[in-house]
Amino acid sequence: MQANFQGGDLSSDGGLMLLRRIDARTGLSCMAAKALTERRAAGRIHHRLRDLLAQRLYGLCCGYEDLNDHDTLRADSLMQTAIGRDRPLASSPTLSRLETGATRADAWALHGVLVEHFIASFATAPKELILDADASDIPLHGEQEHKQFHAYYDHHCYLPLYVFCGQSMLACLLRPSRIDGARHAVAVLRLLVNRLRQAWPKVRIIIRGDSGFCRQRLIRWCERSDVQYIIGLARNKRLQARVAQAEEVLRRDYERTGRKQRLVSEFSYAAGSWNRPRRVLTRLEYGAQGVNPRFVVTNIRDGDAMQLYEQLYCARGEAENRIKEAQLDLFGTRASCHRFAANQFRLLLAALAYTLMQRLRETALRGTELERASAATIRVRLLKIGAAIVRNTRRVRILLASHHPLRHVYAHAARAMAP
């Protein structure tokens, strides 16, 4: 038995052609290239800006998080075919210059691409949009600009702000970590709401977040701007006193029955810094671990407390899953550049790769066993397919593995994205 790497034009990424098709259908890499400013000397350009972005995005989707990988991938015939070239692609130094030379204007432009791409994904105007705001950490291990220690996460990190609408990412703003978690949230949400209402003037918009976003500036802006909100409210002595009697009833019922007790109710409440009372939902539980209260403030008038809490507020946990997908599956934590602006650009590349995979899942995999799969699962089960490439002057033939278990899903996805 003998093994070597002399098989010729073989690739382990047969699913690249699906990425090429969804990218061509949605125009994501072209939109991103048009949004960026070309700063290279015209006479020295060997790789179009669109090709550089597509090469980086396809690489992230297929699991190649390091730029060094592209020193080998640039000669991969299937990667070349997916990009639309028949000669070597960009090297890792070329891609590195693209990232390290990024500016704040580039970050602004790519955020605009995320929003415009989201708007273009709707055939008709939606009646309601729910925007989920949340923060997470990006661990740092070098001497990056604005590197700071965060006591809660117990390490040096950045603290990016994410905004999702369903599974679509609309913003991923990189921030230093020694700030309030809701910092810049009002500015980001104001820009998003204004653009969404410009596209759909009659759309109903709901802002959703945990107690870290319960800030008067955000709440009052929502009320002035006719935006509805449902946001977690941190516990305090006054809130605890309001529900003490109900908790005592739950305690007695638990001791009598031995079963966990639960109650969802509401009341009107105003903190000392609030300008007026607001509707507060409360979820009370008593079990083996004792009492476990939750509080939520909202300006939504329709719907009872149980419906709003369980069906609307609790669904915000889906945004946390999407953040994990973008950070872990699409390598959104690779903030290893020294410059802060370059790390923001890298975060946005991960966001664009996430968007590409999300649109693949939404458009091509609906009705298959992968329609709810994570990006990592889609990569392993659908993109990583052995393939041989035969190219001549007239056509390119891609010969995929004959016994791939999900060949029917691949065929379904290809047909769903047919021109």
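For the sequence shown, the positions run 285 to 703 when our numbering is used.
Idealized CB from N, CA, C, for every residue including glycine.
- Here HIS331 is buried, its C-beta having at least 16 other C-beta atoms within 10 Å.
- Secondary structure of PRO423 (DSSP, three-state): strand.
- A distance below 8 angstroms separates the beta carbons of ARG459 and LEU445.
- Residue state for VAL674 is assigned as strand, using DSSP reduced to three classes.
- Within 10 angstroms of the beta-carbon of ARG358 lie 16 or more other beta-carbons, which makes it buried.
- For GLN451, the closest of ALA589, SER658 and ALA671 by C-alpha to C-alpha distance is SER658.
- Separation of SER405 and ARG535 (C-alpha to C-alpha, rounded to the nearest whole angstrom) is 50 angstroms.
- In this structure, DSSP gives GLY396 a helical state, which the three-state scheme calls helix.
- As summarised for the segment 468–508, the continuous beta strand (DSSP E) elements at least 3 residues long and confined to that stretch are 488–493, given in chain order.
- Of the other Cβ atoms in all chains shown, fewer than 16 fall within 10 Å of the Cβ of ASN605; this residue is therefore exposed.
- SER376: member of the alpha helix (DSSP H) spanning 376–384, first to last residue.
- Assignment of beta-bridge partners to TYR446 by DSSP yields ASP418 and CYS456.
- Around the beta-carbon of HIS439, fewer than 16 other beta-carbon atoms lie within 10 Å, marking it exposed.
- Taking all protein chains in view, the Cβ of ASN520 is surrounded by fewer than 16 other Cβ atoms within 10 Å, so the residue is classified as exposed.
- In terms of Cβ geometry, GLU349 and PHE615 form a close pair [threshold 8 angstroms].
- A check of alpha carbon separations from GLY347 across HIS430, THR408 and ALA610 identifies ALA610 as the nearest.
- Between the segment 327–346 and the segment 307–319 there are three or more inter-stretch CB-CB distances shorter than 8 angstroms, so the stretches are counted as touching.
- As for any alpha helix (DSSP H) of minimum length 4 sitting wholly inside the segment 620–677, the runs are 624–647 and 659–662, ordered along the chain.
- Only exposed fits GLU429, as fewer than 16 other CB atoms lie within 10 angstroms of its CB.
- For the set ARG560, THR321 and ARG543, the Cα lying nearest the Cα of GLY574 is the one of ARG543.
- DSSP places THR365 inside the alpha helix (DSSP H), whose first and last residues are 361–367.
- Under the criterion of beta carbons closer than 8 angstroms, LEU454 and PHE402 qualify as touching, at roughly 6 angstroms.
- Assignment of HIS401 by DSSP, reduced to helix, strand and coil, places it in the helix class.
- Sixteen is the threshold: when 16 or more other Cβ atoms of the shown chains lie within 10 Å of the Cβ of SER295, as they do, the residue is buried.
- Taking C-beta separations shorter than 7 angstroms and ignoring five residues to either side along the sequence, the partners of GLU322 in its chain run LEU333, following chain order.
- Distance check between VAL533 and each of HIS468, ARG522 and GLY571 places GLY571 closest, using alpha-carbon atoms only.
- For the pair of segments examined, the segment 575–594 was found not to touch the segment 478–488: the number of CB pairs separated by less than 8 angstroms stays below three.
- Around the beta carbon of PRO577, 16 or more other beta carbons sit within 10 angstroms, so the residue counts as buried.
- Counted as a single uninterrupted DSSP element, the beta strand (DSSP E) harbouring ARG563 occupies residues 562–571.
- Around the beta carbon of LEU631, 16 or more other beta carbons lie within 10 angstroms, which makes this residue buried.
- Assigned with DSSP and collapsed to three states, ARG578 falls in strand.
- Excluding residues up to 5 positions away in sequence, TYR342 and CYS345 lie with their Cβ nearer than 6 angstroms to the Cβ of LEU303 in the same chain.
- Annotated as proximal: ASN583 and GLN512, with beta-carbon spacing under 8 angstroms.
- Under a 10 Å Cβ-count criterion, GLY298 is classified as buried, with 16 or more other Cβ atoms of the shown protein chains found around its own Cβ.
- According to the DSSP secondary-structure assignment, LEU294 is paired through a beta bridge with ALA672.
- Annotated three-state conformation of TYR436 is coil, per DSSP.
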